[in-house]
Amino acid sequence: MELGARLPHDYRESMKTDNGGEATIEEDDWELYPIKDNSDRKRLARTCNHIIAETKACFGFGNFPHHALAIASNGLGDQMVFLKESEQFKPEVYVWLHETGEIKLLASSFAKLEKL
């Protein structure tokens with residue numbers, strides 16, 4: 001699986017500075033998945049839990065949306081996601097609830113998240 005779509009601008013810019021990290025929203029702490037970096041072996045090892053690998057793993061739940069990209073986890077199974085529309089991912093950030101498959105809006109953009 002390759003992305004096949006452009007990531008939102010504010011997310012791309014944030015990942016250039018901090019590839020991964022943590023965010024908090026609605027009293028949940030989220031571990032942000034990095035973007036795969038294969039520029040050297042050390043960076044590749046640090047980014048092994050990258051957004052594409054984690055998204056592939058989410059399909060194992062059976063109810064993960066085919067047009068979603070997992071960008072973070074709350075450690076309880078829920079995923080912070082972007083939704084793909086045509087050739088790009090929409091700027092809004094959603095939460096996918098693993099128990100029900102429901103998708104809820106978290107923020108109007110990645111920049112609205114409180115990064116730790």
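The UniProt record's numbering numbers the first residue of the sequence shown as 1 and each following residue consecutively.
We put the beta carbon where it would ideally sit given N, CA and C, even for glycine.
Counting only runs of at least 4 residues, the UniProt region "Disordered" (1-20) fully encloses the following alpha helix (DSSP H) elements, listed from N- to C-terminal order: 9-17.
Distances from the alpha-carbon of E31 to those of E102, F89, A107 and A70 put A70 closest. Restricted to the segment 19-104, the alpha helix (DSSP H) segments that are unbroken, complete and at least 4 residues in length are 41-46 and 51-58, listed in chain order. At the C-beta level, K84 and A5 come within 8 Å of one another. Straight through space, the alpha carbons of T100 and T24 are spaced by roughly 22 Å.
For G75, the CB contacts under 7 Å within the same chain, skipping 5 residues up- and downstream, are E31 in chain order. Under the DSSP definition of a beta bridge, A111 lacks any partner. Looking at W96, L106 and D10, the one whose alpha-carbon comes closest to that of F64 is W96. Distance from the Cα of F110 is smallest, within the candidate group E2, T55 and S14, for S14.
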